[in-house]
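>
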Amino acid sequence: MRWALVKVSLAVTAMVVVAFAVPLGLVIREMARDRAFSNAEREAAAVAPALSITTDRDQLERVVASAGSDAGMAVHIPASGEQTDRTDGAGQRAADIGRQRATDEDIAAVREMGRASTTEVDGGSTLLQPVALSSGEIAVVEVYVPESEVTNGVATAWAVLAAVGAALIVGSVAVADRLGVRMVRPAQRLVEGAHQLGEGRLGSRVPVEGPNELRLAAVAFNSMADQVVQLLANERELAADLSHRLRTPLTVLRLNAASLGDGPAAEQTRSAVEQLEREVDTIIRTARDAKPQTAAAGPGAGCDAAEVVRERMGFWSALAEDEGRKWRVAGADRPVRIPVARADLAASLDALLGNVFRHTVEGTAFAVDLHNGEDAVIVLVSDAGAGIPDPEAAMARGRGSGSDGSTGLGLDIVRRMAESTGGDVRIGSSVLGGTEVRIWVQLDGRTAPERRGHRGAVRRRRQPRPAATINRSRSLP
35 MRWALVKVSL
45 AVTAMVVVAF
55 AVPLGLVIRE
65 MARDRAFSNA
75 EREAAAVAPA
85 LSITTDRDQL
95 ERVVASAGSD
105 AGMAVHIPAS
115 GEQTDRTDGA
125 GQRAADIGRQ
135 RATDEDIAAV
145 REMGRASTTE
155 VDGGSTLLQP
165 VALSSGEIAV
175 VEVYVPESEV
185 TNGVATAWAV
195 LAAVGAALIV
205 GSVAVADRLG
215 VRMVRPAQRL
225 VEGAHQLGEG
235 RLGSRVPVEG
245 PNELRLAAVA
255 FNSMADQVVQ
265 LLANERELAA
275 DLSHRLRTPL
285 TVLRLNAASL
295 GDGPAAEQTR
305 SAVEQLEREV
315 DTIIRTARDA
325 KPQTAAAGPG
335 AGCDAAEVVR
345 ERMGFWSALA
355 EDEGRKWRVA
365 GADRPVRIPV
375 ARADLAASLD
385 ALLGNVFRHT
395 VEGTAFAVDL
405 HNGEDAVIVL
415 VSDAGAGIPD
425 PEAAMARGRG
435 SGSDGSTGLG
445 LDIVRRMAES
455 TGGDVRIGSS
465 VLGGTEVRIW
475 VQLDGRTAPE
485 RRGHRGAVRR
495 RRQPRPAATI
505 NRSRSLP
């Protein structure tokens, strides 16, 4: 906007300067020409009284010398008898005083017309002024006007006009630039405030200044920021309140779990209750925190995906054994670092494995495969169930696979976890004959369109085993 104003001001001022300076320069040139010929007319008029009295050559030479100079003035007198120097255009004998520059034809034409005239000659112009003699004949006074006298002061006037025009252009550009800064600076502050608010700095506000439209925009932005802060505060309070209400049933579950005695099922139940209590505490602390965590994970952040997979499969293996399900874990025998928080990956695995147990019949086999590529890590959760008829609907937030009681929130948790790294989630058919959920966790931060050429390479690394070879084992590496 600033440079646009400068360009517009430059163009308009330049057009105004040209529109006024060029005609004014032409007028000055004409005035200089009129001044030069007016002086010539005055010199010619100074000789006219003497010509009306006498035609004596000596006297006229003295008059010419006193009025001008022999180099700049000439008098052409028609003479009679033999006292002539040349013949005029009418065939009569004529006498000349001074240096003649005009042609005989021009002199004869002026004598015939009886009025003054100008004609171009070498180095300038001449004024031919007819004067009536006492004898009734017409003499012609020739006054030479050099070109330097006609253009005297014109170059200086043009230089002054050019300097004034340049000064006007520079001044208008400077004023337009200042006005542009006054208009652009509030807009830049509005942009900076929007970026800061988007980065999670909720205290960002925009000064109300500048033109009226930008002032109104700043007021609207500050009002929006205040509403965002209030909405987030209300949401945090609501989340904290709902989480706090879960403490009472959790306490009952913990007491009941403590009375179950010993055994794998009792231990698993107590472990699940403890984990649930930790998650509730985390939700309460996060909700109470006034600083939203919107920044990306820094270097070294994340978790060991292999360790998390082994831990969560150890948890679900007990239930799998009770329901007679065969299961397998592959690729979790060595560390695999991913830029995802441990709790987020664990929640995603629990959501997918929970869907396997919830939406497949008892005895259905399942598997978890972990593939470590150069720029991405793939987690595959597959089962031997009936599959999902509409994967797109299953991925939609708030909608599940169509089964009763499904909200789709589990898949949405998985999707948000993957997309936070630049990855994605896909649902397809597994080699076990049922559903395969593929979690693509990007390691280098590239988006999905940039890495399409790498998917095939990562997929070719998979070497899944058929359902018949799935191990029924609870021992993990």
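For our numbering, add 34 to where a residue sits in the sequence shown, where the first one is 1. Note that CB positions come from ideal geometry on N, CA and C, so glycine has one too. Keep in mind that this is a model prediction, so the values were computed, not measured.
1) Mind checking which residues open and close the beta strand (DSSP E) that includes alanine 108?
2) My guess is that glycine 468 and alanine 427 are in contact by the Cβ rule of under 8 Å, so how many angstroms apart are they, rounded?
3) According to the neighbour-count rule (16 or more other Cβ atoms, all chains shown, within 10 Å of its Cβ), is leucine 85 buried or exposed?
4) By how many angstroms is the C-alpha of valine 51 removed from the C-alpha of glutamate 484?
5) Figure out for me which residue from Val174, Val471, Ala377 and Gly421 has the closest Cα to the Cα of histidine 393.
6) Counting Cβ pairs closer than 8 Å, one from the region 149-163 and one from the region 70-82, do we hit at least three?
7) Enumerate in chain order the residues of its own chain whose CB-to-CB distance from alanine 259 is below 8 Å, with the five nearest sequence positions on each side excluded.
8) Just mark isoleucine 473 as buried or exposed, buried being the case when its beta carbon has 16 or more other beta carbons within 10 Å.
9) Taking the alpha-carbon positions, what's the arginine 376 to alanine 366 distance?
10) Quick one: Cα of leucine 39 to Cα of alanine 410, how far?
11) Please name the residue or residues paired with aspartate 130 in a DSSP beta bridge.
12) So, at 6 Å on beta carbons, what are the nonlocal neighbours of aspartate 403 in its own chain, with the 5 sequence-adjacent residues on each side left out?
13) Hey, could you find the ends of the beta strand (DSSP E) glycine 158 is sitting in?
14) Indicate the three-state DSSP secondary structure (helix, strand or coil) for valine 343 in the structure shown.
15) Give the range of the alpha helix (DSSP H) segment to which aspartate 378 is assigned.
16) Short check: CB of proline 425 to CB of arginine 449, under 9 Å?
17) With distances taken from CA atoms, which of Ser351, Met347 and Leu58 is nearest valine 198?
18) Taking 7 Å as the limit between beta carbons, can you name the residues of its chain near glutamate 171, skipping five residues before and five after?
19) Excluding sequence positions up to five away, which residues of its chain have a Cβ less than 8 Å from the Cβ of alanine 45?
20) Sorted by chain position, which residues of the same chain lie with C-beta nearer than 8 Å to alanine 37's C-beta, five sequence neighbours on each side aside?
21) Have a look at leucine 383 and valine 471 and give me their C-alpha separation to the nearest angstrom.
22) Whole beta strand (DSSP E) runs in the region 165-243 with 3 or more residues, listed along the chain?
23) Got a sec? Which residues, its chain only, sit under 7 Å from alanine 452 by beta carbon, not counting five neighbours each side?
24) Could you tell me which residues DSSP puts in a beta bridge with glycine 462?
25) Can you tell me whether serine 435 is buried or exposed? The criterion is at least 16 other CB atoms within 10 Å of its CB, across all chains shown.
26) Candidates Asp140, Val370 and Lys360: which alpha carbon is nearest valine 155's?
27) Would you mind reading off the limits of the alpha helix (DSSP H) that contains arginine 149?
28) Helix, strand or coil: how does DSSP classify serine 43 here?
29) Spatial neighbours of alanine 66 within its chain, please: C-beta separation below 7 Å, excluding the five flanking residues on both sides.
30) At what residues does the alpha helix (DSSP H) containing alanine 364 begin and finish?
31) Give me, in chain order, the residues of the same chain whose beta-carbon lies closer than 6 Å to that of isoleucine 87; leave out the 5 immediate sequence neighbours on both sides.
32) Go to alanine 401, then tell me how far its beta strand (DSSP E) extends in each direction, as first and last residue.
33) Just reading off the alpha helix (DSSP H) that alanine 427 is part of, what are its end residues?
34) Quickly, what does DSSP pair alanine 99 with across the bridge? List them, please.
35) In the DSSP assignment, find the beta strand (DSSP E) that holds leucine 414 and state where it starts and stops.
36) Check each candidate in Asp378, Gly358 and Gly297 and name the one with the smallest Cα separation from glycine 336.
Here's the rundown:
1) For the purposes of this step, residue 108 is taken as the residue at position 74 of the sequence shown. Segment 107-112, the beta strand (DSSP E) holding alanine 108.
2) In the sequence shown, residue 468 corresponds to position 434, counting from 1. In the sequence shown, residue 427 corresponds to position 393, counting from 1. Their Cβ separation, rounded to whole angstroms, is 17 Å, which puts glycine 468 and alanine 427 out of contact at 8 Å.
3) In the sequence shown, residue 85 corresponds to position 51, counting from 1. Looking at its Cβ environment, which holds 16 or more other Cβ atoms inside 10 Å, leucine 85 is buried.
4) In the sequence shown, residue 484 corresponds to position 450, counting from 1. In the sequence shown, residue 51 corresponds to position 17, counting from 1. Any reading at glutamate 484 is ruled out, since the residue's pLDDT is 47, under 50, leaving its predicted position unreliable.
5) For the purposes of this step, residue 393 is taken as residue 359 along the sequence shown, with counting starting at 1. For the options Val174, Val471, Ala377 and Gly421, the alpha carbon positioned closest to that of histidine 393 is the one of Gly421.
6) Per the Cβ contact rule, the region 149-163 is in contact with the region 70-82 (3 or more Cβ pairs under 8 Å).
7) As a working note, residue 259 is residue 225 in the sequence shown. Once the five neighbours on either side are set aside, the close Cβ partners of alanine 259 are Gly227, Leu231, Leu236, Ser238 and Arg239.
8) On the sequence shown, position 439 is the one that residue 473 refers to. Buried: at least 16 other Cβ atoms inside 10 Å.
9) Numbered from 1 along the sequence shown, position 342 holds the residue referred to as residue 376. Numbered from 1 along the sequence shown, position 332 holds the residue referred to as residue 366. Cα-Cα distance, rounded: 15 Å.
10) Mapped onto the sequence shown, residue 39 falls at position 5. Mapped onto the sequence shown, residue 410 falls at position 376. Here the alpha carbons of alanine 410 and leucine 39 stand approximately 49 Å from one another.
11) The sequence position of residue 130 within the sequence shown is 96, counting from 1. Beta-bridge pairing links aspartate 130 to His110.
12) As a first step, residue 403 is located in the sequence shown; it is residue number 369 there, counting from the start. Closer than 6 Å at Cβ, skipping near neighbours: Ala364, Gly365 and Leu414.
13) Within the sequence shown, numbered from 1, the residue matching residue 158 stands at position 124. Bounds of the beta strand (DSSP E) holding glycine 158 are 158-166.
14) Position 309 of the sequence shown holds residue 343. Valine 343: helix per DSSP, three-state reduction.
15) Reading the sequence shown from its first residue, position 344 is the one you call residue 378. If you look at aspartate 378, you'll find it in the alpha helix (DSSP H) that goes 376-393.
16) Here the question's residue 425 lines up with position 391 in the sequence shown. Here the question's residue 449 lines up with position 415 in the sequence shown. Between proline 425 and arginine 449, the gap from beta carbon to beta carbon reaches 9 Å or more.
17) For this step, residue 198 is matched to residue 164 along the sequence shown. Ranking Ser351, Met347 and Leu58 by Cα distance to valine 198 puts Leu58 first.
18) Within the sequence shown, numbered from 1, the residue matching residue 171 stands at position 137. Excluding positions up to five away in sequence, the list reads Pro112.
19) For the purposes of this step, residue 45 is taken as the residue at position 11 of the sequence shown. Residues of the same chain with their beta carbon placed closer than 8 Å to that of alanine 45 are lacking, with the five preceding and five following residues left out of the count.
20) The residue labelled residue 37 in the question sits at position 3 within the sequence shown. Here residue 37 turns out to be tryptophan, not alanine, going by the sequence shown. Hits under 8 Å: Gly214.
21) Counting from one through the sequence shown, the residue named residue 383 turns up at place 349. Counting from one through the sequence shown, the residue named residue 471 turns up at place 437. Cα-Cα distance, rounded: 11 Å.
22) Here the runs fully enclosed are 172-180.
23) Looking up residue 452 in the sequence shown gives position 418. Cβ neighbours of alanine 452 beyond the five flanking positions: Asp458, Val459, Ile473, Trp474 and Val475.
24) Numbered from its first residue, the sequence shown carries residue 462 at position 428. Glu470, per the DSSP bridge assignment.
25) The residue labelled residue 435 in the question sits at position 401 within the sequence shown. Here the model assigns serine 435 a pLDDT of 42, short of 50, so the residue's position is not dependable, and the following value carries that caveat. Per the 10 Å Cβ criterion, buried.
26) Taking the first residue of the sequence shown as 1, we reach residue 155 at position 121. In terms of CA proximity to valine 155, Asp140 leads the group Asp140, Val370 and Lys360.
27) Residue 149 sits at position 115 when you count from the first residue of the sequence shown. First-last for arginine 149: undefined, no H or E at that position.
28) Counting from one through the sequence shown, the residue named residue 43 turns up at place 9. Residue state, collapsed to three classes: helix.
29) The residue you call residue 66 lines up with position 32 of the sequence shown. Shown here for alanine 66: same chain residues with a beta carbon closer than 7 Å to its own, the five before and five after excluded, namely Val184, Thr185, Asn186, Gly187 and Val188 in chain order.
30) What you label residue 364 is simply residue 330 of the sequence shown in a count that begins at 1. Premise fails: alanine 364 lies in the beta strand (DSSP E), 361-364, not in any alpha helix (DSSP H).
31) The residue labelled residue 87 in the question sits at position 53 within the sequence shown. Within the same chain, and ignoring the five residues on either side of isoleucine 87 in sequence, no residue has its Cβ closer than 6 Å to its Cβ.
32) Numbered from its first residue, the sequence shown carries residue 401 at position 367. That run of the beta strand (DSSP E) goes 400-406.
33) Position 393 of the sequence shown, counting from 1, holds the residue named residue 427. Its alpha helix (DSSP H) spans residues 425-429.
34) Within the sequence shown, residue 99 is the residue found at index 65, counting from 1. Paired residue(s): none; alanine 99 is not in a bridge.
35) As a first step, residue 414 is located in the sequence shown; it is residue number 380 there, counting from the start. In this chain, the beta strand (DSSP E) harbouring leucine 414 covers 410-417.
36) If you number the sequence shown from 1, residue 336 lands on position 302. For the residues Asp378, Gly358 and Gly297, the minimum Cα distance to glycine 336 belongs to Asp378.
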